[in-house]
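In the working numbering, each residue's number is its place in the sequence shown (first place is 1) plus 39. Cβ coordinates follow ideal geometry from the N, Cα and C atoms, glycine included.
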Amino acid sequence: MALKSFFTLLLSTIILLTGIAQTKPLSEVSVDLGSGVTTGALGLPYDVPFRLKGAVTANLRKINLTYEVSSSYTGKKSKLQWTSRGGAGDELEWEYAGDQTEWRFQVGPLHPNVPYTFKFKVTRVPDAKTPEKEKFKVESYKILESLFNNPAGISPTTVSGAESQINQQMAAIVPPGQTIEYPNGNPYIIHLTDPPFSDLVDVARTARNNRQLLIGRFTSLGNALSRSSFSDFQARLMLLMTNLSVLDPADKALMESLAHAANNKYKAVTMANVADIVKQPNHRIKETFEGTYTYNNGSLQASTAVDHDLLQLEINFFYKLINNLKKTDGTNYFSAADIAILRILTITFLDPIAVTQKNNQTEDEVIKQVLAKFPDVLADKLMSATYIVHDQSFIDAISQSSPYIGLDAGLSYIPGYNQLFIYEGVNFYFMPINKDAPLSYFHKRRYWWLKRLSIHFGVTQALIKPENRRYIDLIDGIGSIILGAGLRVNRIVRLNAGYIFFYEKDNNPLKDKKHLTIMPQLSLTFDINIVKALGNIGKRLAINP
C-alpha cells in the first residue's frame, strides 16, 4: 500500500509540474533595424516560437519580414523540413496603428544549429515638411499647368508626357538607400486620373480656362479704353472734379462721399480719389485689373498680384456714375455717349473680369489646400528601405555543455523483484533538444522519434530498505547502474526501460559470495532542470539537482 500511495503522489506531482512548465512565456529577441544587431538572447531560440521586437521610430509605417536558412548553410536543406509550424519563407507583416511603441513578430520554430537570414522591408513616411516633398508638390502642379497651356492641346501624347515628368519628379526625391517598391515587379506610373492628381488637374483646367477667358476680355477692355468716347468721358470727369458746385446738391454730396464704405481696405477713399485713378492714362485701369498696379498712399504703384478690393472700388465708382449726375439746372452732366461707354466698360468688361479674377484667387486657395493635403505618394507606393539581419549563431543551446544531453530523475522499479529505487541519470539524445518545446510541434515520423527517443544511463539508490536481503549496490555507497532507452511523454515526463546492474548474494546464506546480476527495469522520470527551476516542488520530492 505504501508503494501504491507513493506512485499516486508521484503522478499527481508530475501532472502539476507539466501544467506549470507549459506556461513559460515566449522568448523575445530585440532587433535594431538600423544596424541589424540582435540583443536579448545568446542566439535565436530553436524548436519553439519566439518574438522579434524593436522600437517604433519616427515615421515608421510598416514592416514586412521574411526569413530563411542562410546561403552559408552547408547541410541538406531538405532534411530541415521536420516541423509543420516553421513559417520560414512566409512573409509576416506589421503595420503601425497609431499608438504602438514597439513592433513585434512571432516567429515560428527554427531548426537547431542552423544559420538564418532575416530580411526586413521597412516602409517609412518621409517628413511632410522636407523641401524635397514640397518641391515635388509644386513641380507636379507646374507640369499640369504646362500640360493645359500646351499649344498642341490635350492629347494622349501630351498627357503621357506629363505623367512621365511627374514620375521622374517622384523618383528624383527618393532618399539615398531607399527605393520604390513596384507591385508585381511592374513600375508604377502615376496617372492623371489618380487622386490627388485628378484634383490638381481640375484646378489647373479651371485656372487655364479662366486665363484664356481673361486674355480675350483684356484685349476687348483695352480696345474699349482706347476709344475716343472714353477719352471724352475722362475729360468731362476731370473738369467736374475741379468744380463740383455745378452739380445738384445731392449729386455733389455723392461725389464728395466715400467711394465704398463697405470696403474695409479702402473704406476711407473718396469718390474724388477714385476719379484721380480713372483720369490716369487709359491703360492704368486695365493694369489694375490685370494685377500689375495697385493703389497705395493716394497713388498707383506697381504690383505683382491682383488687388481685388481695388477692383471693387473702381467698379463701384463706375456704377454710381452710370445713372448720370444732375446739374443744378436739372440737366444731365455726362453725355449719352459717356454713359454708353461706362455701361460697356462696367457691365461688359470690368465686372466680369473682377469675378474671373476672384475665381482665380479662389482656385489659388484651392491649389494651396490640395497641396497642403497632398498625400504622401512615396508611402502610398511603398517606398521601402531594406535591412538584412544575418544570425549565424548556434542558437541558445551553445551555452549548454551539450545540446544532446539531458538530466532527469525519478523512480525505477524492477518487475518481480518488488523493489523501488530513486533514479538519477543522463539522457543522450540523437539531436538537440529544447525542453521548452512542446512535442506537438513535431509531426514527421522520423523526427517524432528523434525528439523523443534517447539512450539513458543512470544510478539508482534504494528508496526503501530492500526486502530482498540478497541485493547489494553495484558501487558501494553510490548505487547500482541502469542502462537502457527512454521515451519522452511530454516536455517533462519520460518512460524508460532497460537493465539494472547490481550484485546479488549467493542463495546459500552460509556462503559470503556475490555475483553480478542484470535484470530488466522500468523507470518513470522527469526533467531535473525543470524541477530545479520550479524550486520548492523539487525539494519536496527530495531531488537536489
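So the candidates are the options; which of them puts its Cα closest to the Cα of residue i?
| i | options | result |
| --- | --- | --- |
| leucine 65 | Tyr85, Asp71, Pro320 | Tyr85 |
| alanine 246 | Gln560, Ser259, Asn362, Lys397 | Lys397 |
| leucine 513 | Arg530, Tyr538, Leu526, Gly525 | Tyr538 |
| serine 296 | Phe157, Gln340, Val313 | Val313 |
| glycine 261 | Asn466, Thr387, Ile205 | Thr387 |
| serine 265 | Ser194, Ile380, Lys172, Asn188 | Ile380 |
| isoleucine 205 | Tyr180, Asn189, Pro190 | Tyr180 |
| tyrosine 305 | Asn336, Ser479, Ser109, Thr232 | Asn336 |
| threonine 258 | Gly114, Gln340, Glu329 | Glu329 |
| tryptophan 133 | Ile102, Ala243, Gly147, Thr343 | Ile102 |
| histidine 495 | Ala476, Ala501, Pro454, Ala448 | Ala448 |
| lysine 325 | Ala94, Thr401, Ile392, Gly464 | Ile392 |
| lysine 158 | Asp71, Thr196, Lys172 | Asp71 |
| leucine 389 | Ala375, Asn363, His347 | His347 |
| phenylalanine 236 | Phe269, Glu202, His322 | Glu202 |
| alanine 536 | Ala300, Ala210, Tyr462 | Tyr462 |
| glycine 464 | Lys291, Phe373, Ala524, Asp290 | Ala524 |
With DSSP as the reference, identify every bridge partner of residue i, one or two as the case may be.
| i | result |
| --- | --- |
| asparagine 398 | BP columns for asparagine 398 are empty, so no partner. |
| histidine 554 | Glu543 |
| proline 320 | Answer by DSSP bridge pairing: none, since proline 320 is not bridged. |
| phenylalanine 565 | Ala448, Val532 |
| valine 498 | Glu463, Ile520 |
| glycine 106 | Residue 106 is actually tyrosine in this sequence, not glycine. Beta-bridge pairing links tyrosine 106 to Phe157. |
| threonine 197 | In the DSSP output, where bridge partners are listed per residue, threonine 197 has none listed. |
| alanine 94 | Glu141 |
| threonine 333 | Gln340 |
| glutamine 251 | Answer by DSSP bridge pairing: none, since glutamine 251 is not bridged. |
| tryptophan 488 | None; tryptophan 488 has no bridge partner. |
| proline 559 | Tyr538 |
| glutamine 207 | Glutamine 207 pairs with nothing; no bridge assigned. |
| lysine 365 | Asn371 |
| lysine 101 | Glu134, Thr162 |
| phenylalanine 89 | Ser66, Val146 |
Since residue i and residue j are thought to touch, with beta carbons under 8 Å apart, how far apart are those beta carbons, to the nearest angstrom?
| i | j | result |
| --- | --- | --- |
| alanine 298 | leucine 349 | Their Cβ separation, rounded to whole angstroms, is 11 Å, which puts alanine 298 and leucine 349 out of contact at 8 Å. |
| serine 493 | glutamine 560 | That belief does not hold up - the Cβ atoms of serine 493 and glutamine 560 are roughly 16 Å apart, past 8 Å. |
| leucine 522 | tyrosine 542 | At roughly 16 Å, the Cβ-Cβ gap does not stay under 8 Å, so leucine 522 and tyrosine 542 are not in contact. |
| serine 111 | proline 154 | 5 Å |
| lysine 365 | aspartate 287 | 4 Å |
| isoleucine 444 | phenylalanine 467 | 6 Å |
| tyrosine 332 | alanine 341 | 6 Å |
Taking a contact to mean a Cβ-Cβ separation below 8 Å, would you say residue i touches residue j in this structure?
| i | j | result |
| --- | --- | --- |
| valine 317 | phenylalanine 356 | yes |
| glutamate 130 | threonine 105 | yes |
| lysine 474 | arginine 533 | no |
| threonine 140 | arginine 100 | no |
| valine 198 | leucine 186 | yes |
| valine 498 | isoleucine 517 | yes |
| arginine 275 | aspartate 368 | no |
| phenylalanine 89 | valine 68 | yes |
| phenylalanine 460 | glutamine 500 | yes |
| leucine 446 | phenylalanine 469 | no |
| alanine 311 | methionine 294 | yes |
| lysine 544 | arginine 509 | yes |
| leucine 149 | leucine 91 | no |
Exposed or buried, residue i, counting other C-beta atoms within 10 Å across all chains shown (16 or more means buried)?
| i | result |
| --- | --- |
| threonine 564 | buried |
| valine 240 | buried |
| tryptophan 142 | buried |
| histidine 230 | exposed |
| threonine 122 | For threonine 122, the pLDDT reaches just 45, beneath the cut-off of 50, and the residue's location in the model is therefore unreliable, although a value from the coordinates is still provided. Classification of threonine 122: buried, given that the 10 Å Cβ count is 16 or more. |
| methionine 277 | exposed |
| tryptophan 487 | exposed |
| valine 177 | exposed |
| serine 284 | exposed |
| serine 562 | buried |
| arginine 484 | exposed |
| threonine 385 | buried |
| leucine 549 | exposed |
| serine 519 | buried |
| alanine 167 | Because the pLDDT at alanine 167 is just 48, under 50, the model does not fix this residue reliably, and the point stays unresolved. |
| isoleucine 557 | exposed |
| threonine 327 | buried |
| asparagine 399 | buried |
| arginine 382 | exposed |
| glutamine 273 | buried |
| lysine 172 | buried |
| leucine 526 | exposed |
| aspartate 566 | buried |
| isoleucine 472 | buried |
Report yes or no: is there a C-beta of chain D within less than 8 Å of the C-beta of residue i?
| i | result |
| --- | --- |
| threonine 245 | No chain D appears in the structure shown, which is made up of a single protein chain. |
Taking 7 Å as the line, does the beta carbon of residue i fall inside it for any heavy atom of the ligand ZN?
| i | result |
| --- | --- |
| leucine 264 | Among the components modelled here there is no ligand, and therefore nothing to report on the ligand ZN. |
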